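Residue numbers (my numbering): 189 to 486.
Cβ atoms here follow ideal geometry from the backbone N, Cα and C, with glycine treated the same way.
Because the structure is a prediction, the values reported are computed rather than measured.
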């Protein structure tokens, strides 16, 4: 599925930043479901590029790439020997331009339009038609292109919908967790990385290989059109949930994504240093995520 615009990605980060689920409410296993499939430790590199023309020379310098699978390219031509290429998929909403959007809507698998982005509708994660679309078509299509796994986005929508309407959207978080686990069971060889999704993370930590903390320390401010530094409390909120997930699954890779001006090499370097010192595997990019932004000094 096509990635959301940069503005939409950040709106979700802002909207869900205050949604908290106690990490003690978990049914994740105490032991990892499988051996680690990312490099050991934190001294490895990853990058996101949703643009249509990834720089192959830069891509070859990274151990893990997260890419937009709808672009016409072969991931094997971009990943380094022994490296991983992971394809983006949106699980919590569907753009109206997507081929299956009309059929999904007719089947009742799509809910209200995103009020901030009316060209997209929330997916009913409980609906059998949506689950079949994901399991029978979307994930297999990504893997068939040669990707090693999937990068799951928009799962924060499950908590937002259930909190906004606890009656009509009851069970949405559990359904989202069930879908993630179904993907793991249907495609056991596929690497699975989840972007945030903190409400369901306790339920799926043992069924995924990595989790991303997006906008850990910095964000784009659409009012001032500049990058902002977030508070210590904001950073700690995400860090606590990432670390709790690692306790549930010691094999879990903990990745972070921050946004900053590439021309400020010292500022970018400070972000990398901070996240690595905390035990995370960082990447710092621009809001559009449309190219690989090299780490200063590497």
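| field | Rounded C-alpha distance that separates residue 260 from residue 272 | value | Rounded to whole angstroms, residue 260 to residue 272 spans 18 Å at the Cα level.
| Are three or more beta carbon pairs between the region 367 to 376 and the region 351 to 358 nearer than 8 Å? | Result no; under three Cβ-Cβ pairs closer than 8 Å.
| field | Expected contact under 8 Å - CB spacing of residue 309 and residue 281 to nearest Å | value | That belief holds up - the Cβ atoms of residue 309 and residue 281 are roughly 6 Å apart, short of 8 Å.
| said: Taking the alpha carbon of residue 336 as the reference point, which residue from 459, 413 and 276 has its own alpha carbon closest? | reply: For the residues 459, 413 and 276, the minimum Cα distance to residue 336 belongs to 276.
| query | Per DSSP, residue 423 forms a beta bridge with which residues? | reply | Bridge partners of residue 423: none, in fact.
| request: Check whether the region 223 to 236 touches the region 302 to 319, counting contact only when three or more Cβ pairs, one atom from each stretch, lie closer than 8 Å. | output: Segments in contact, no.
| query | Secondary structure at residue 343, three-state DSSP: helix, strand or coil? | reply | Taken through DSSP and simplified to helix, strand or coil, residue 343 comes out as coil.
| Span of the alpha helix (DSSP H) around residue 225 | Counting along the chain, no alpha helix (DSSP H) covers residue 225, and no H or E run does either.
| request: Specify, as a first and last residue, the run of the alpha helix (DSSP H) that residue 262 falls within. | output: Unbroken run through residue 262: none, as it is neither H nor E.
| task | Inspect the CB distances between the region 421 to 429 and the region 469 to 478 and report whether three or more fall short of 8 Å. | result | Too few Cβ pairs lie closer than 8 Å, so no.
| Alpha-carbon to alpha-carbon, residue 283 and residue 306 | Distance between the alpha carbons of residue 306 and residue 283 is about 9 Å.
| said: Just to confirm before moving on: does the CB-CB distance between residue 459 and residue 405 stay below 8 Å? | reply: Contact flag set, yes.
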